[in-house]
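Trainee: After the structure tokens below, expect a handful of questions from me.
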Amino acid sequence: MREEELLSFDEIERLVKQFTHLGVKKIRLTGGEPLLRKNVPDLIGRLTKIAGIEDIALTTNGVHLVKQAQALKEAGLMRVNISLDALTAETFQEMNGRKVAPNVVLKGIDAAMEAGLIVKINMVVRKGVNEDEVIKLARYCKEREITLRFIEFMDVGQTNGWDFSQVVTKKELLEKVSTIAPLEEVGRDYLGEVAAKYRYKGTKTEIGIISSVSDTFCGNCTRARISADGKLYTCLFAEEGYDLRQLIRSKANDADIKSTIANIWSKRTDKYSEERTEETVRNRKKN
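Okay, so the sequence shown: first residue is 1 according to full-length UniProt numbering, each after it adds one.
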């Protein structure tokens, strides 16, 4: 994507201000890989100064954290979710299609913790590929008192060759992890929280499961997504977004931007996770 196609930091800041007027309090920077963009700590510093923003988080592959974790923390970043699908190098590379070694990510995790960031690990689980890594990674996180969030292998259109037979369900994940230590369910912290949470009994260490296939949560979803080029998506699975970049660059005033966002959100009907395929629905009822 060419630089001129990206939202500038000024444009991002302006959009965020309009979202806060509509009740948004939490921001998460994701990707792709957000730390590939230059000067992300500068952006975070600007966002922390916006009235109404209570929480800023970032999701990353962890590769750049050794160099950037401290600067991110000092800029005002509070939390970081780090993607780590396996501890075994071969499996890690098969899941991610990259030749990066998992040790690079582990060093990034250490750097984030040393910087004082709240760390969570995201693990996408794919049957027949990395399900044998579930216990290994759960033990790794439990020993370090890190929250591990399992993500069911999701249908995201035609990009990942998805079918239900590759899904390790919430029920199966709970059965696996409970062999390490007994679990107890923990209530969600806020409306729209996507992960079902559990705690190892007698500890403060949690796991989360994002079960967008076997136990959907569309009815409680409160998340809007803006792409790097300014498209507003009202669902993770949506194939088309609404062009806010064009609106901003057409010299629309703040009131127009705010009302456009509110109008888009009020008309959202997305339930892609529930309705994506008949096979998903049929298999969900069995699990």
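Think of the CB as a built atom: it goes at the ideal place given N, C-alpha and C, for glycine as much as any other residue.
#1: Output the residue ranges of the beta strand (DSSP E) runs that lie fully inside the segment 5 to 70 and measure 3 residues or longer, sorted by chain position.
#2: For the beta strand (DSSP E) that contains Met123, what are its first and last residues?
#3: For Pro102, I'd like the list of residues in its chain whose CB is within less than 8 Å of its CB, leaving aside the five on either flank, ordered along the chain.
#4: Kindly indicate the opening and closing residues of the alpha helix (DSSP H) around Ser266.
#5: On the criterion of 16 or more Cβ atoms from any shown chain inside 10 Å, does Tyr200 qualify as buried, or is it exposed?
#6: So who's on the other strand from Lys197, going by DSSP bridges?
#7: Out of Glu3, Val24 and Lys107, which one is the CA nearest neighbour of Glu54?
#8: Is the Cβ-Cβ distance between Ile146 and Ile209 less than 9 Å?
#9: Find the nearest neighbour of Thr60 within the set Gly108, Ala75 and Glu114, judged by alpha-carbon distance.
#10: Using only the alpha-carbon positions, how far apart do Lys176 and Ile27 sit?
#11: With the cut-off set at 9 Å, would you say Arg79 and Leu22 are in Cβ contact?
#12: Whose C-alpha, out of Lys99, Arg149, Ile257 and Val194, is nearest the C-alpha of Thr205?
#13: Secondary structure at Phe164, three-state DSSP: helix, strand or coil?
#14: For Val213, which option in Ala224, Ala195, Ile44 and Ala69 has the closest C-alpha, if you only look at C-alpha atoms?
#15: I'd like the span of the alpha helix (DSSP H) that includes Ile248, first residue to last.
#16: Exposed or buried, which one is Gly157 when buried takes at least 16 other CB atoms within 10 Å?
#17: Which first and last residues belong to the beta strand (DSSP E) in which Val80 is found?
#18: Cutting at 8 Å between CB atoms, please list the residues of its own chain near Thr159, excluding the five before and the five after it.
#19: How many Å lie between Ala255 and Lys197 at the Cα?
#20: If we count the other Cβ atoms within 10 Å of its Cβ and call it buried at 16 or more, is Met1 buried or exposed?
#21: How about Arg144 and Ile180: are their beta carbons less than 9 Å apart?
#22: Could you please give me the residues that DSSP links to Thr147 through a beta bridge?
#23: Buried or exposed, going by whether 16 or more other CB atoms sit within 10 Å of the CB of Leu36?
#24: Nearest by alpha-carbon distance to Leu6: which of Val100, Ser227, Leu232 and Ile56 is it?
#25: Helix or strand or just coil, what does DSSP make of Glu131?
#26: When you compare only the Cα positions, how much space is there between Glu133 and Ile121?
Mentor: Taking the coordinates as given:
#1: Fully enclosed beta strand (DSSP E) runs of 3 or longer: 26 to 29 and 55 to 60.
#2: Along the sequence shown, one-based indexing puts residue 123 at 123. First-last of the beta strand (DSSP E) with Met123: Ile118 to Val125.
#3: Working through the sequence shown from its first residue, we reach residue 102 at position 102. Exclusion of the five residues before and after Pro102 leaves Leu84, Ala86, Leu87, Thr88, Ala89 and Phe92 as the residues of its chain whose Cβ lies within less than 8 Å of its Cβ.
#4: Counting from 1 along the sequence shown, the entry for residue 266 is found at position 266. Looking at the DSSP string, the run of the alpha helix (DSSP H) that includes Ser266 is Asp254 to Ser266.
#5: Numbered from its first residue, the sequence shown carries residue 200 at position 200. With 16 or more other CB atoms across the displayed protein chains lying within 10 angstroms of its CB, Tyr200 is buried.
#6: Residue 197 sits at position 197 when you count from the first residue of the sequence shown. In the DSSP output, where bridge partners are listed per residue, Lys197 has Val186 and Gly208.
#7: Here residue 54 refers to the residue found at position 54 when the sequence shown is read from its first residue. Put simply, of Glu3, Val24 and Lys107 the residue whose alpha carbon is nearest the alpha carbon of Glu54 is Val24.
#8: Start at 1 with the first residue of the sequence shown, and residue 146 comes out as number 146. Start at 1 with the first residue of the sequence shown, and residue 209 comes out as number 209. Not a contact, by the Cβ cut-off of 9 Å.
#9: What you label residue 60 is simply residue 60 of the sequence shown in a count that begins at 1. Thr60 has its Cα closest to that of Gly108, out of Gly108, Ala75 and Glu114.
#10: Within the sequence shown, residue 176 is the residue found at index 176, counting from 1. Within the sequence shown, residue 27 is the residue found at index 27, counting from 1. When rounded, the distance between both Cα atoms is 32 Å.
#11: Position 79 of the sequence shown holds residue 79. Position 22 of the sequence shown holds residue 22. No, these two residues do not count as a Cβ contact at 9 Å.
#12: Translated into positions along the sequence shown, residue 205 becomes position 205. Of the residues Lys99, Arg149, Ile257 and Val194, the one whose Cα lies closest to the Cα of Thr205 is Arg149.
#13: Working through the sequence shown from its first residue, we reach residue 164 at position 164. If DSSP states are grouped into helix, strand and coil, Phe164 belongs with the helices.
#14: Counted from its first residue, the sequence shown places residue 213 at position 213. Answer by Cα proximity: Ala195.
#15: Here residue 248 refers to the residue found at position 248 when the sequence shown is read from its first residue. Where Ile248 is concerned, the enclosing alpha helix (DSSP H) starts and stops at Leu244 to Arg249.
#16: On the sequence shown, residue 157 is found 157 positions in, with the first residue counted as 1. Low confidence applies to Gly157: its pLDDT is 49, below 50, so where it sits in the model is not reliable, and the reading given next is rough at best. It is exposed - the Cβ of Gly157 has fewer than 16 other Cβ atoms within 10 Å.
#17: Here residue 80 refers to the residue found at position 80 when the sequence shown is read from its first residue. Taken as a continuous stretch (DSSP letters only), the beta strand (DSSP E) holding Val80 covers Arg79 to Ser83.
#18: The residue you call residue 159 lines up with position 159 of the sequence shown. Only weak support exists for where Thr159 lies, its pLDDT of 49 falling under 50; the coordinates are left without a value.
#19: As a position in the sequence shown, residue 255 is number 255, starting the count at 1. As a position in the sequence shown, residue 197 is number 197, starting the count at 1. Within the model, the alpha-carbon separation for Ala255 versus Lys197 is close to 39 Å.
#20: As a first step, residue 1 is located in the sequence shown; it is residue number 1 there, counting from the start. By the neighbour-count definition (other C-beta atoms within 10 Å, threshold 16), Met1 is an exposed residue.
#21: Here residue 144 refers to the residue found at position 144 of the sequence shown. Here residue 180 refers to the residue found at position 180 of the sequence shown. Going by C-beta atoms, Arg144 is not nearer than 9 Å to Ile180.
#22: In the sequence shown, the residue the question calls residue 147 occupies position 147. For Thr147, the beta-bridge partners assigned by DSSP are Lys120.
#23: Taking the first residue of the sequence shown as 1, we reach residue 36 at position 36. It counts as exposed.
#24: By 1-based counting over the sequence shown, the position of residue 6 is 6. Nearest to Leu6 by alpha-carbon distance, out of Val100, Ser227, Leu232 and Ile56, is Ser227.
#25: Along the sequence shown, read from residue 1 onward, the residue named residue 131 stands at position 131. Glu131 falls in the helix class under three-state DSSP.
#26: Position 133 of the sequence shown, counted from the first residue, corresponds to residue 133. Position 121 of the sequence shown, counted from the first residue, corresponds to residue 121. Straight through space, the alpha carbons of Ile121 and Glu133 are spaced by roughly 13 Å.
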